[in-house]
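Asks: Under our numbering, think of the first position of the sequence shown as 15, with each following residue one higher. Cβ coordinates follow ideal geometry from the N, Cα and C atoms, glycine included. As the structure is a prediction and not an experimental result, all values here were calculated from the model.
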Amino acid sequence: MSNPVRLAVVGAGSRGTNYARLARKAGAVLTAVAEPDAERRRLFVEEFSLSPENVFTTWEDLVAAPKLSDAVVIATQDQEHTGPAVAFAYAGYDIILEKPIAPTEEEASRIVDAVESSGVIMAIGHVMRYSDYTRTLKDLLTSGSIGKIVSVEHLEPIGWWHFAHSYVRGNWRNAESSSSMLMAKSSHDLDWLSYIVDRPVKKVSSFGGLYWFKPENKPGEAAERCVDCPLQQTCAYSATKIYEGFLDDPVYRVWPLGVLTPKPSRESVSEALETGPYGECVYNGQNDVADHQVVNLEFEDGATASFTAVAFTQLDFRKTRIFGTDGSISGDGKHLEILDFATGTTRTIDTTPIGGASAADGHGGADGRLVEAFLRAVESRDGQALSSVRESFESHQLVWAAERSRHLGEVVTL
Ligand SMILES: NC(=O)c1ccc[n+]([C@@H]2O[C@H](COP(=O)([O-])OP(=O)(O)OC[C@H]3O[C@@H](n4cnc5c(N)ncnc54)[C@H](O)[C@@H]3O)[C@@H](O)[C@H]2O)c1
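#1: By Cβ distance below 6 Å, which residues in the same chain neighbour Ser-320 in space, the five residues on each side in sequence not counted?
#2: Here's the rule: buried if 16 or more other CB atoms are within 10 angstroms of the residue's CB, otherwise exposed. What is Arg-395?
#3: Go through its chain and collect everything with a Cβ distance to Gly-397's Cβ below 7 Å, but skip five positions before and after it.
#4: Would you mind stating whether Glu-314 and Lys-216 have Cβ atoms separated by less than 8 Å?
#5: Any idea if Leu-422 is buried or exposed, counting beta-carbon neighbours within 10 angstroms, 16 or more meaning buried?
#6: Quick one: is the Cβ of Lys-113 within less than 7 Å of any heavy atom of ligand 1?
#7: If contacts are defined as beta-carbon pairs under 8 Å, then Leu-44 and Gly-376 qualify, I think. What distance do you get, rounded to the angstrom?
#8: Could you tell me how far apart the beta carbons of Ile-110 and Val-87 are, in whole angstroms, since I believe they sit closer than 8 Å?
#9: At what residues does the alpha helix (DSSP H) containing Glu-393 begin and finish?
#10: Report the three-state DSSP secondary structure of Ala-286 (helix, strand or coil).
#11: Taking 7 Å as the cut-off, is the CB of Asp-51 close to at least one heavy atom of ligand 2?
#12: Roughly how many whole angstroms lie between the Cα atoms of Asp-212 and Leu-245?
#13: Got a sec? Which residues, its chain only, sit under 6 Å from Ser-132 by beta carbon, not counting five neighbours each side?
#14: If we ignore side chains and look at the alpha-carbon of each, how far apart do Gln-307 and Ser-344 end up?
#15: How would you call Thr-31, buried or exposed, if buried means at least 16 neighbouring beta carbons within 10 angstroms?
#16: By the three-class DSSP mapping on this structure, what secondary structure does Ala-22 have?
#17: Whether or not the segment 333-344 and the segment 221-241 are in contact is what I'm after, with contact meaning three or more pairs of Cβ atoms, one per stretch, closer than 8 Å; do they touch?
#18: Please report the distance separating the alpha-carbon of Gln-91 from that of Thr-359.
#19: Let me know if Phe-355 comes out buried or exposed under the rule of 16 or more other beta-carbons within 10 Å of its beta-carbon.
#20: Run through the segment 212-263 for me and flag every whole beta strand (DSSP E) of 3 or more residues, listed as ranges in chain order.
#21: State the Cα-Cα distance for the pair Ala-333 and Asp-242, rounded to the nearest angstrom.
#22: Between the C-alpha atoms of Arg-183 and Val-296, what's the straight-line distance to the nearest angstrom?
#23: Considering just the uninterrupted stretch of the alpha helix (DSSP H) at Ile-172, what are its terminal residues?
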C-alpha cells in the first residue's frame with residue numbers, strides 16, 4: 015500500500031476545514047496549515063493535532079518552508095487565490111484550488127500557466143461534477159439514452175436566507191471586493207452545463223441585476239440592525255429569526271453559523287448579530303451583486319441552454335430539464351426521470367444523496383467525492399478524472415462573457 019497523501023491547508027476557514035475533515039476521512043494525513051486568524055488557526059491545529067513547527071500565519075510562510083506535504087488545499091477568499099496558487103504550483107505541490115480559479119481572466123491565466131508548466135495536479139472545487147447524480151446523468155447522456163441534446167433548461171434556486179447570508183451580508187456581497195454573483199455562485203452551473211452538454215459554446219447573452227436588496231425597499235420602521243428592529247417576527251430576512259432558528263441544528267451550526275463565529279453558541283451568535291455584518295438589515299445598501307440573473311448559451315452545433323440563478327426560492331438542489339432528439343430527462347438533483355420517445359415510457363433513477371444541497375451537507379456528498387478523486391489522482395499521478403484547471407478556465411470564460419453581455423447589453427461571440 016502506498017503512503018498516505020500528506021496534505022496542507024491554506025486558509026482554515028469554512029471550506030479549508032471542510033476539505034481537511036473529508037481528506038482525513040479519505041485517508042490523507044494533515045501535516046500543516048497557514049491561517050492568519052489566531053482563533054481559526056488554534057482550532058485547526060487542535061482538531062488535526064499539528065506540530066507547532068508546521069503551523070504558519072500566511073501562505074507565503076508555508077510555501078517558503080521546506081516541503082511539508084505532497085499536496086495543498088487553497089481555500090482563501092476569491093481575491094486571494096492567484097498568489098498562493100501560482101507559488102504552490104511552482105513549488106511542486108499538487109493542489110485543490112477552491113472555485114473560482116480567480117475573479118479575472120488575466121489572473122486565472124497565470125494560474126493555468128503555472129500549473130501546466132510545472133506539471134502538478136490541480137483540481138478546481140467544481141464539486142457538482144462529482145456527485146452520484148451528475149455521474150449517473152453523464153452516463154445516461156454519453157450512452158445516448160436521449161439521442162443528441164438539443165436544449166437544456168437549468169435553475170439554481172439559491173434560497174432566500176442563503177442569498178441574504180452570503181450575497182447581501184456576507185463575503186460575496188460586493189463584486190469589486192470578491193466576485194460577481196455569477197462567478198461566486200454560478201461558475202459551478204456554467205461549468206456543469208459545459209460538462210453535461212460537452213461541446214463548445216459559440217454565443218452567450220445575459221440579463222439580470224440587483225432587484226430587491228436596496229435601501230429604497232427598506233420598510234420605514236426597519237432598524238439598521240435586526241436585533242433592534244420591530245419587524246423581526248415578520249421580516250423574511252430578519253437575521254435574528256434566521257440565525258437563532260439554526261442554533262439547535264448540528265448541521266447548520268457548522269454552516270452558516272460557523273461563518274458568523276468560529277464556535278457558535280447562543281452568546282457568540284448574539285454578539286455577532288449585535289456587532290458584525292451578519293446582523294445588518296438587508297436593505298442597508300452594503301451589497302451590489304445580482305440577486306437574479308439569466309444566461310443563454312448557444313453551442314457550436316446550434317443546441318441551446320438557458321440558465322436562471324435566483325435568490326427568491328427555497329435553498330434546494332438545482333433543477334434541470336434536458337431535451338434530446340430521442341427523449342428527455344428531468345432532474346431535481348436527486349431523481350432523474352427519463353422519457354423515451356420511441357416507447358413512450360418513463361423510468362426514474364433515484365440518486366438521492368445523504369444530506370441536503372448546502373455547504374453544510376457537503377453539497378450532497380459531492381465535496382467528499384472531489385477529495386477522494388483528488389487523493390487518488392495524487393497517488394496515481396493521473397489527473398484525468400478531475401475538473402482540471404484548463405477545463406475550468408474554459409467554463410469560467412462563459413462567466414466572463416455573460417458578465418460582459420449583461421453589462422454591455424450585447425450578445426458575446428466566443
Ligand atoms: N466549492 C464550493 O461549493 C464553495 C462553497 C463556498 C465557498 N467556496 C470558495 O471557497 C473559498 C473560501 O471560502 P470560505 O467560505 O471558506 O472563506 P473563509 O473566509 O471562511 O476562509 C478563508 C480563510 O482564508 C484565510 N486567509 C486569508 N489570508 C490568508 C493568507 N495570506 N494565508 C492563509 N490564509 C489566509 C482567512 O483568514 C480565512 O480563514 C472562496 O474562494 C469561496 O468562493 C467554494
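Replies: The answer reads as follows:
#1: Within the same chain, and ignoring the five residues on either side of Ser-320 in sequence, the residues whose Cβ sits closer than 6 Å to its Cβ are Glu-167 and Asn-310.
#2: Only exposed fits Arg-395, as fewer than 16 other CB atoms lie within 10 angstroms of its CB.
#3: Here the set comprises Ile-135 and Ala-391.
#4: Going by C-beta atoms, Glu-314 is nearer than 8 Å to Lys-216.
#5: Residue environment for Leu-422: exposed (fewer than 16 other C-beta atoms within 10 angstroms of its C-beta).
#6: Yes, ligand 1 has a heavy atom inside 7 Å of this Cβ.
#7: Between Gly-376 and Leu-44 the Cβ distance is about 17 Å, and since that is not below 8 Å, they are no contact.
#8: Contact between Ile-110 and Val-87 holds, since their C-beta atoms are separated by about 5 Å, short of 8 Å.
#9: It spans 380-394 - the alpha helix (DSSP H) in which Glu-393 sits, taken as one unbroken run.
#10: Look at Ala-286 here: in three-state DSSP terms it is helix.
#11: What this structure holds is ligand 1, not ligand 2.
#12: Near 48 Å, if we compare the C-alpha coordinates of Leu-245 and Asp-212.
#13: For Ser-132, same chain residues with a beta-carbon under 6 Å away, outside a window of 5 residues either side, are Ala-103 and Tyr-104 in chain order.
#14: C-alpha of Gln-307 to C-alpha of Ser-344: approximately 22 Å in a straight line.
#15: Its Cβ being crowded by 16 or more others within 10 Å, Thr-31 is buried.
#16: Assignment of Ala-22 by DSSP, reduced to helix, strand and coil, places it in the strand class.
#17: Segments in contact, no.
#18: Approximately 47 Å between the Cα atoms of the pair.
#19: Flag for Phe-355 reads exposed.
#20: If we require 3 residues or more, the beta strand (DSSP E) runs fully inside the segment 212-263 come out as 215-223.
#21: First, the residue type needs correcting, since residue 333 is Lys and not Ala in the sequence shown. CA-to-CA, the gap between Lys-333 and Asp-242 works out to about 38 Å.
#22: Taking the straight line joining both Cα atoms gives about 7 Å.
#23: Boundaries cannot be given for Ile-172, as no alpha helix (DSSP H) includes it and DSSP labels it neither H nor E.
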